[in-house]
Amino acid sequence: MTEFSVWAPNRSRVRVHNGPSVHEMTRADDGWWRAEVPDAAPDYAFQLDDSDDELPDPRSRWQPDGVHARSRRYDHSAFEWTDSAWTGRQLPGGIVYELHIGTFTPEGTFDAAIGKLDHLVDLGVDFVEVLPVNAFDGPHGWGYDGVLWYATHDPYGGPDGFKRFVDACHNRGLAVLLDVVYNHLGPSGAYLDRFGPYFAGETIWGPTLNLDGPQSDEVRRYVLDNALGWLRDFHVDGLRLDAVHALADRRATHLLEELSSEVDALSAHVRRPLTLIAESDLNDPKLVTPREAGGYGLHAQWSDDLHHCLHSTLTGETTGYYGDFGSLQALAATLTGVFLHAGTWSEFRGRHHGRPVNTLTTQGHRFLGYLQNHDQIGNRATGDRLSATVSPGLLACGAAIVLCSPYTPMIFMGEEWAASTPWQFFASFPDPKLAEAVRTGRRKEFADHGWAAQDVPDPMDPATFERSKLRWEEAADSEVLATYRALIALRRNHPELSDPRLHQFTVDLDEDRRVVTLHRGGLRVVCNLGGTQVDAPGTVLFSSKSPGAPESVTVVA
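Anchor point for the sequence shown: position 539 equals 539 in the working numbering, and the numbering is continuous, going up by one each time.
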């Protein structure tokens with residue numbers, strides 16, 4: 001016997017269509033419908049009330065024929081793991097590498113990505129952060145338009161493919177973080193509202209979840225069970241939670257606090273660290289404040305302020321949200337205080353923003369620092385990387401500031417060799433009307449920011465996707481790659497460079513000569529952003545050019 005179940009509290013009739021047969025389901029008081037089917041076929045769908053529409057399972061584990069087709073049964077216990085000796089990785093001291101499965105390799109699959117893991121080991125990273133792999137409509141996309149969160153995108157290799165990838169990472173000493181999206185669903189294939197009161201509203205990205213309204217208990221459980229499933233069933237080591245500021249939850253216990261508590265309990269059971277990292281634009285340290293101190297108890301959050309400071313400092317770009325970030329003083333303040341906007345005025349927002357971080361009690365590893373990431377590249381009209389406009393010398397300075405800071409460094413795929421390929425916004429929705437709406441909306445969005453429509457690549461053109469794939473041949477003999485490897489090795493060999501204590505970290509500026517110096521215990525990281533030679537006294541541990549040269553980084557003891 002195989003039991004099928006689905007939550008549909010407001011429906012008067014639910015049937016499961018399995019193989020060629022249809023079976024009536026029985027409702028329980030909690031709104032769950034169940035049916036036991038003998039000799040069940042692999043594929044199934046649900047029919048609600050008297051409709052003949054076949055809908056995939058909201059908790060489907062496998063969608064081999066796409067998000068509009070029948071679900072396929074999948075047994076998590078059938079996979080043979082080889083990572084029994086894996087004990088996990090703690091975030092403090094670690095380095096994160098962010099990648100997108102579809103563009104990381106020419107093939108765009110989990111198995112192909114396994115073939116590049118040795119590069120990451122040689123680079124010296126500890127965590128591989130994978131952009132969303134949940135099922136979305138169309139063969140390729142960023143992954144943030146997921147509609148069946150429990151299913152792994154089949155063109156990447158499906159659930160077994162992802163497990164092989166995680167298993168391979170663990171056997172090479174790499175932990176795996178998975179990007180998950182709980183603040184909205186995609187615009188195509190989001191059938192949850194047909195089953196129950198899952199939706200509460202709309203954002204520019206798609207429908208939002210009912211986290212605090214009537215019948216929301218089971219909706220919250222849908223999120224929590226999904227998160228725990230990735231960590232438990234796929235052996236993932238942590239989750240990156242997309243845009244948590246867009247979670248609408250007015251309950252006394254916020255969903256993030258509830259998730260943090262349940263993940264800690266699972267971590268105790270599996271006896272390995274499980275990490276939760278939030279993306280938020282609120283500049284609120286409450287996210288990473290322990291639950292015992294009244295916070296949500298997440299382990300870390302992204303730090304966009306540091307990125308914006310670095311980008312503006314290196315490129316001179318001060319338009320849009322970069323307007324507040326262009327000075328060296330802003331960079332120094334953000335490096336030492338985490339947020340530039342910490343209850344202070346934001347010109348871009350036209351209001352005060354953020355809250356200060358207590359740098360005496362909060363450690364830097366709780367904030368991810370990065371020179372680039374998928375959003376900050378992909379949400380530029382042409383998807384141009386920093387290397388398209390910044391010299392290798394300034395790239396080295398930016399990398400040193402990130403890798404030698406108290407923060408948890410994150411590298412975006414290809415950044416380490418100054419990849420020439422852009423990373424553009426792409427999608428592949430089969431519905432022509434939706435495809436045109438996305439195309440038009442993207443061009444309008446960038447027109448509002450001053451970009452010409454002809455400069456915006458067509459996100460539906462397969463060539464946009466192909467252009468965004470890494471060219472691995474570029475990594476050979478890359479001077480930038482050598483710099484990244486050397487800086488990461490220094491971080492490994494000198495405990496001062498991975499020390500997360502913010503209150504022991506200071507930054508000096510020479511504004512006239514554009515020199516930023518990080519003081520890390522007995523070490524100095526001298527980043528010369530200007531055009532004149534400067535002194536770098538001490539024993540030189542590393543220099544990207546000659547010590548103190550223009551547009552160079554020098555690390556001295």
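Virtual Cβ for every residue (Gly too), placed ideally from N, Cα, C.
query, result
"For valine 6 and valine 37, believed in contact at Cβ under 8 Å, the rounded distance", "At roughly 13 Å, the Cβ-Cβ gap does not stay under 8 Å, so valine 37 and valine 6 are not in contact."
"Contact between the stretch 388-407 and the stretch 107-115 (3+ Cβ pairs under 8 Å)", "no"
"Arginine 513: first and last residue of the uninterrupted alpha helix (DSSP H) it sits in", "No alpha helix (DSSP H) contains arginine 513, which DSSP labels as neither H nor E."
"Cα-Cα separation, arginine 272 to valine 180", "20 Å"
"Limits of the alpha helix (DSSP H) - the one that glutamate 436 falls within", "432-447"
"C-beta atoms of valine 176 and alanine 227 nearer than 8 Å", "no"
"Beta-carbon proximity list for tyrosine 150, same chain, < 7 Å, skipping 5 on both sides", "Arg59, Ser60, Arg61, Asn226 and Gly229"
"Alanine 549 Cβ short of 7 Å to the ligand GDP heavy atom set", "You won't find the ligand GDP in this model; it holds no ligand whatsoever."
"CA nearest to the CA of glutamate 474, picked from Asp499, Thr517, His519 and Ala419", "Ala419"
"CA-to-CA distance, cysteine 527 to glutamine 533, given in whole angstroms", "11 Å"
"Minimum C-alpha distance to glycine 213 - residue among Phe199, Val223, Thr203 and Phe412", "Phe199"
"C-beta contact flag for valine 125 and isoleucine 401 at 8 Å", "no"
"C-beta atoms of asparagine 134 and histidine 153 nearer than 8 Å", "yes"
"Residues that DSSP places opposite valine 37 in a beta bridge", "Thr2"
"Own chain residues within Cβ distance below 6 Å of threonine 506, not counting five before or after", "His519"
"Beta carbon of aspartate 558 nearer than 8 Å to that of serine 71", "In this structure the chain extends from 1 to 557, so residue 558 is not present and cannot be described."
"Proximal residues to histidine 68 (C-beta, below 6 Å), its chain only, five neighbours per side dropped", "Gly189"
"Cα-Cα separation between proline 207 and threonine 517, rounded to whole angstroms", "46 Å"
"Touch test, the stretch 127-146 against the stretch 423-436, Cβ-Cβ under 8 Å, three pairs minimum", "yes"
"Beta strand (DSSP E) segment containing histidine 17, residue limits", "14-18"
"Those residues which DSSP pairs with leucine 518 across a bridge", "Val507 and Val525"
"Presumed contact (8 Å Cβ cut-off) between glycine 326 and serine 312, rounded CB distance", "4 Å"
"Buried/exposed call for tryptophan 33, threshold 16 Cβ in 10 Å", "buried"
"Residues that DSSP places opposite isoleucine 411 in a beta bridge", "Tyr97"
"Collapsed DSSP secondary structure at glutamine 47 in the structure displayed", "strand"
"Classification of tryptophan 81 by the beta-carbon crowding that lies within 10 angstroms, buried from 16 upward", "exposed"
"First and last residue of the uninterrupted alpha helix (DSSP H) at tyrosine 484", "479-493"
"Outcome for glutamine 63 when other beta-carbon atoms lying within 10 angstroms are tallied against a minimum of 16", "buried"
"Start and end residues, alpha helix (DSSP H) containing serine 346", "Taken as a continuous stretch (DSSP letters only), serine 346 belongs to no alpha helix (DSSP H), being part of the beta strand (DSSP E) at 344-346."
"Burial state of asparagine 493 (16 or more Cβ within 10 Å)", "exposed"
"The beta strand (DSSP E) enclosing asparagine 134, as first and last residue numbers", "134-136"
"Assigned exposure category for threonine 361 - 16 Cβ within 10 Å defines buried", "exposed"
"Pairwise C-alpha distance: alanine 342 and asparagine 283", "7 Å"
"Close-in-space but distant-in-sequence residues of the same chain around aspartate 455 (CB under 7 Å, 5 per side omitted)", "Ala381 and Thr382"
"Proline 409 versus leucine 310 - alpha carbon distance", "13 Å"
"Candidates Leu509, Phe162 and Met1, of which the one nearest alanine 40 by Cα", "Met1"
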